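Engineer:
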Amino acid sequence: FQASRAASLLPQLLLRRRPASAGAFALLARPASSASGGLPPLTTEIHPGIKRGAFSQLTDADVSAFEAIVGGDHVIKDADEVLSYNIDWLRICRGQGQLVLRPKTTEEVSAIVRHCNKRRLAVVPQGGNTGLVGGSVPLFDEIVISTSRMNSLLSIDPVSGVLVAEAGCVLEQLDREAASQGLMMPLDLGAKGSCQIGGNLATNAGGLRLLRYGSLRGTTLGLEAVLPTGQVLDCLTTLRKDNTGYDIKQLLIGSEGTLGIITKAAILCPARPKSVQLAFLGLDSFQAVLDTYRLARRSLGEILSAFEFIDSESMRAVKQNLGLSCPLGEHSFYVLAETSGSNETHDREKLDGFIESVMSMDGCATDGTVAQDAGQFAHLWSLRERIVESLLVDGYEYKYDVSLPLADIYRLVEHMRTRLDGRVIRTAGYGHLGDGNLHLNFTTPKFDAKVLELIEPHVFDWVRDRRGSVSAEHGLGLKKSQYIRHSKADFAVRVMAEVKRLLDPNGIMNPYKVLPDE
Amino acid sequence: YIHIINKADMAASKGLKILVGCKRVIDYAVKVRVKPDRSGVVTEGVKHSMNPFDEIAVEEAVRMKEKKLAGEAVAISVGPPQSQETLRTALAMGIDRAIHVEIPLAQLEKLQPIHVSKLLAKVCESEKPDLVILGKQAIDDDCNQTGQMLAALLDWPQATFASKIEPSQDSKQLRVTREVDGGMETIDVSVPAVVTSDLRLNEPRYATLPNIMKAKKKPLAKMSPDQLGVDLQPRQEVISVEDPPVRKAGAKVESVEDLVGKLREKGLVK
Numbered sequence: 001f002q003a004s005r006a007a008s009l010l011p012q013l014l015l016r017r018r019p020a021s022a023g024a025f026a027l028l029a030r031p032a033s034s035a036s037g038g039l040p041p042l043t044t045e046i047h048p049g050i051k052r053g054a055f056s057q058l059t060d061a062d063v064s065a066f067e068a069i070v071g072g073d074h075v076i077k078d079a080d081e082v083l084s085y086n087i088d089w090l091r092i093c094r095g096q097g098q099l100v101l102r103p104k105t106t107e108e109v110s111a112i113v114r115h116c117n118k119r120r121l122a123v124v125p126q127g128g129n130t131g132l133v134g135g136s137v138p139l140f141d142e143i144v145i146s147t148s149r150m151n152s153l154l155s156i157d158p159v160s161g162v163l164v165a166e167a168g169c170v171l172e173q174l175d176r177e178a179a180s181q182g183l184m185m186p187l188d189l190g191a192k193g194s195c196q197i198g199g200n201l202a203t204n205a206g207g208l209r210l211l212r213y214g215s216l217r218g219t220t221l222g223l224e225a226v227l228p229t230g231q232v233l234d235c236l237t238t239l240r241k242d243n244t245g246y247d248i249k250q251l252l253i254g255s256e257g258t259l260g261i262i263t264k265a266a267i268l269c270p271a272r273p274k275s276v277q278l279a280f281l282g283l284d285s286f287q288a289v290l291d292t293y294r295l296a297r298r299s300l301g302e303i304l305s306a307f308e309f310i311d312s313e314s315m316r317a318v319k320q321n322l323g324l325s326c327p328l329g330e331h332s333f334y335v336l337a338e339t340s341g342s343n344e345t346h347d348r349e350k351l352d353g354f355i356e357s358v359m360s361m362d363g364c365a366t367d368g369t370v371a372q373d374a375g376q377f378a379h380l381w382s383l384r385e386r387i388v389e390s391l392l393v394d395g396y397e398y399k400y401d402v403s404l405p406l407a408d409i410y411r412l413v414e415h416m417r418t419r420l421d422g423r424v425i426r427t428a429g430y431g432h433l434g435d436g437n438l439h440l441n442f443t444t445p446k447f448d449a450k451v452l453e454l455i456e457p458h459v460f461d462w463v464r465d466r467r468g469s470v471s472a473e474h475g476l477g478l479k480k481s482q483y484i485r486h487s488k489a490d491f492a493v494r495v496m497a498e499v500k501r502l503l504d505p506n507g508i509m510n511p512y513k514v515l516p517d518e
Numbered sequence: 519y520i521h522i523i524n525k526a527d528m529a530a531s532k533g534l535k536i537l538v539g540c541k542r543v544i545d546y547a548v549k550v551r552v553k554p555d556r557s558g559v560v561t562e563g564v565k566h567s568m569n570p571f572d573e574i575a576v577e578e579a580v581r582m583k584e585k586k587l588a589g590e591a592v593a594i595s596v597g598p599p600q601s602q603e604t605l606r607t608a609l610a611m612g613i614d615r616a617i618h619v620e621i622p623l624a625q626l627e628k629l630q631p632i633h634v635s636k637l638l639a640k641v642c643e644s645e646k647p648d649l650v651i652l653g654k655q656a657i658d659d660d661c662n663q664t665g666q667m668l669a670a671l672l673d674w675p676q677a678t679f680a681s682k683i684e685p686s687q688d689s690k691q692l693r694v695t696r697e698v699d700g701g702m703e704t705i706d707v708s709v710p711a712v713v714t715s716d717l718r719l720n721e722p723r724y725a726t727l728p729n730i731m732k733a734k735k736k737p738l739a740k741m742s743p744d745q746l747g748v749d750l751q752p753r754q755e756v757i758s759v760e761d762p763p764v765r766k767a768g769a770k771v772e773s774v775e776d777l778v779g780k781l782r783e784k785g786l787v788k
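So the sequences go chain by chain: X and W.
Counting from 1, one number per residue, gives the positions in the first sequence under my numbering.
Counting from 519, one number per residue, gives the positions in the second sequence under my numbering.
Rendered as structure tokens:
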């Protein structure tokens, strides 16, 4: 939300209500990891089994070549500066990349990649570096290619709703631009203040409103990318329908930077809703959460835009670790149900109907509130959006993101909580209930290999046995590549490897990620 | 017009009757846009909610009820039909009943604090509250006048910019702490009185679901300015409304050397 009036008043009002959605990721203070004087351990120490690929070593001649392409100012060699590009947002990985390049145009990216392919130098494309599976940072000495300078919005068509932007545009800024035309970006996630659209596409990011607007696979109309050979793949169409041949952009979406570097994207933006309402409910059983969801789909139907659940442990984390206040009493579960529509009166009526049903249904919501203004709206959302941040305060976070049949979602949390009883600070479960997507997190004061052993592969096996996905939206990155066969048939994985070989014959594009090493 | 109440010990009486003013304004988080004809700002289709200072006033009234200092709390709003939603919010926070003084659209844009205070004064004649709490100012016009004008019309004492309201030491008056430029000022006022709320008076509660449902059944009376016999003839004419001057764009530099160079160019650094 853009706040602009009574400027002297506003900072105080904001302080009161602590709306935190704007740039939450950008503002948070990341706690230092406990090992080795505040830095996370080297990824190669945590995964000693991974061997460096047969790539060349960086030479001065290479550095000069890059300087000629992007200009000396945009080649980062200084160890202190390069360090931040080597550490992921969760601070569980630390790579040993020596060089960061910051190109401004597709042509520069193409020239860089062509050089690296010729020289067999490994590269890691990096956007906002907010990925949660260690996929956006080097492992060994890969060269980081940052898209941060490629941050121009190219066009917005208010009639068709098509927005065309360079890959380095920050999601929140794109949403603001879209807002000025009465549009909105079709996705929203906690990292919006820092994540870039290129990275969102590369990871097929889901987020809070996938329930309503669908995934990027549907809303991306076109993209432009540089393939591992340096060739520019121009599929940047703004057409809604174009069934001419194979849809290659779908290979790149969700490829996590292993098939190429996305440089531009055309996104179909929905109309910005005139009326957004938020109900926040307290419930005392997971069955009540499922019943409330069913009710929401029936009574709110076409205007439902988000349905999230939070367990008591997660709520405790945001209250204790971030000092946020919850307007409801203690409950086992909390639900956020958001509606977005074109008519406030109609939507309020529908929401009233939903609330009446929820309160009269046996065992359903016993406690709840509806946001009365933008401040309350932002505060209630912050209770969900800042859970990840609050868990980091505990020390070290083990993060899992799975898709399961709805009835099994909380069974997994309870099962793991029992399994890890006494070994972790907390076991927190929350997520996009409407998408069948559970976020499961464990925290310890510092990294504990024994705890990791208790979690993996057990949690993945549990999910596999119920035909779920071991990574609903976060992707495989480095952390989960070995578990791909838990959710994909072996032959499918082999076909993926063929595609990778075809597009990246030298294997330079973000190696060690997504596909298991064989 | 003077209204004197039995100056018995306030704690022992059945409590004060409080009238709370609520104004429907554009939500504070919305980016306000000036109409192309510069006659005002765009309100059509824009999110509105209760003036934040009025939310604080409502919260204070409800808290005084909870502390048994007040017996009945009535909310009043002067505005268009949609002001009813604002009143429903007040009812959902714990107000007992509401009064809506409906202003026809044609006269809405020309409505000024002088008119609102006259309407409120008329309502006070019939409702006879012991305390009127208003927000100190509305965030759309920032006038900060209605409370003061109302007190003058009623010839009641006023305690503006309140950050705390409590019974006085002898419990016969109200002790109000005010936020003033020099710090805090504490005064005792006799009731009936007008108090206006400042930011630090309290933090408004969230409306709970059961109360939101109950609010629908609470009484909401409608009145018109004609019934109250108040003339809404505008005293002022808005000539134009304009955006503040656009901030000149800064220049982004790509490196520290560039920055130093530009600073030198502008003579800010030798």
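Each residue gets a CB set at the ideal place from its N, CA and C atoms; glycine is no exception.
Small disclaimer: the values here were computed from a predicted structure and weren't measured.
#1: In chain order, what residues of the same chain lie with their CB nearer than 8 Å to the CB of residue 778 (chain W), ignoring the 5 residues before and after it?
#2: Among X:173, X:248, X:239 and X:220, which residue has its Cα nearest to the Cα of residue 233 (chain X)?
#3: What is the residue span of the alpha helix (DSSP H) that residue 570 (chain W) lies within?
#4: I need the straight-line Cα distance from residue 521 (chain X) to residue 306 (chain X), nearest angstrom please.
#5: Per DSSP, what kind of secondary structure is residue 231 (chain X) in: helix, strand or coil?
#6: Going by beta carbon distance, what residues of the same chain come within less than 6 Å of residue 693 (chain W), once the five residues before and after it are set aside?
#7: Could you check if residue 702 (chain W) is buried or exposed, using at least 16 other CB atoms within 10 Å of its CB as the buried criterion?
#8: Could you give the DSSP three-state label for residue 587 (chain X): helix, strand or coil?
#9: Measure the Cβ-Cβ separation of residue 361 (chain X) and residue 291 (chain X) and say whether it is below 9 Å.
#10: By the criterion of Cβ-Cβ separation under 7 Å, what are the contact partners of residue 376 (chain X) in chain W?
#11: Using beta carbons (cut-off 9 Å, strictly below), is residue 673 (chain W) in contact with chain X?
#12: Take the Cβ of residue 346 (chain X) as the centre, count every other Cβ of all protein chains shown within 10 Å, and call the residue buried at 16 or more, exposed below.
#13: Using the Cα positions of residue 469 (chain X) and residue 759 (chain W), report the straight-line distance between them to the nearest angstrom.
#14: For residue 241 (chain X), would you say it is in contact with chain W, using Cβ-to-Cβ distances shorter than 9 Å as the test?
#15: How about residue 581 (chain W): is its Cβ closer than 8 Å to a heavy atom in the ligand SAH?
#16: For the candidate residues X:475, X:355, X:443 and X:420, whose alpha-carbon lies nearest to that of residue 403 (chain X)?
#17: In angstroms, rounded to a whole number, what distance separates the CA positions of residue 311 (chain X) and residue 429 (chain X)?
#18: Is it right to say residue 726 (chain W) is buried, meaning 16 or more other beta carbons lie within 10 angstroms of its own, or is it exposed?
#19: According to DSSP, is residue 376 (chain X) helix, strand or coil?
#20: Assuming contact is defined by CB atoms lying nearer than 9 Å, are residue 92 (chain X) and residue 479 (chain X) in contact in what I supplied?
#21: Does the separation of the CB atoms of residue 179 (chain X) and residue 272 (chain X) fall below 9 Å?
#22: Going along the chain, which residues of the stretch 340-355 of chain X sit with their C-beta nearer than 7 Å to a C-beta in chain W?
#23: With 9 Å as the threshold, decide whether the Cβ of residue 357 (chain X) is near any Cβ in chain W.
#24: Would residue 333 (chain X) count as contacting chain W if we go by Cβ distances under 9 Å?
#25: Would you identify the three-state DSSP class for residue 196 (chain X), choosing helix, strand or coil?
#26: DSSP three-state label for residue 483 (chain X), please.
#27: Nearest CA to the CA of residue 563 (chain W): which residue from X:455, X:154 and X:274?
#28: Since residue 77 (chain X) meets chain W, which of its residues come closer than 8 Å, beta carbon to beta carbon?
#29: Cβ closer than 7 Å: which chain W residues qualify as neighbours of residue 369 (chain X)?
#30: At 3 residues or longer, what runs of the beta strand (DSSP E) sit wholly inside the stretch 645-695 of chain W?
#31: Smallest Cα separation from residue 660 (chain W): which of W:586, W:631 and W:594?
#32: Can you look up residue 84 (chain X) in the DSSP assignment and give me helix, strand or coil?
#33: Tell me, please, whether the CB atom of residue 373 (chain X) is closer than 9 Å to any CB atom in chain W?
#34: Helix, strand or coil, according to DSSP, for residue 117 (chain X) in the structure here?
#35: Are the C-beta of residue 778 (chain W) and some C-beta of chain X separated by less than 9 Å?
#36: Within its chain, find whatever has a CB closer than 6 Å to the CB of residue 519 (chain X); leave out the 5 residues flanking it on each side and keep chain order.
Structural biologist: Judging by the given coordinates:
#1: 787
#2: X:248
#3: 570-584
#4: The displayed coordinates of chain X run from 1 to 518. Any statement about residue 521 (chain X) would go beyond what the structure contains.
#5: coil
#6: 684, 686 and 706
#7: exposed
#8: Outside the modelled stretch of chain X, which goes from 1 to 518, sits residue 587 (chain X), for which no answer is possible.
#9: yes
#10: 724
#11: no
#12: exposed
#13: 56 Å
#14: no
#15: In the structure shown, the ligand SAH is absent, as is every other ligand, since no ligand is present at all.
#16: X:475
#17: 6 Å
#18: buried
#19: helix
#20: yes
#21: yes
#22: 355
#23: no
#24: no
#25: strand
#26: helix
#27: X:274
#28: In chain order: nothing, as chain W lies at least about 14 Å away.
#29: 724, 725, 726 and 727
#30: 649-653 and 676-685
#31: W:631
#32: helix
#33: yes
#34: helix
#35: no
#36: For chain X, the structure presents residues 1 to 518; residue 519 (chain X) sits outside this window and is missing.
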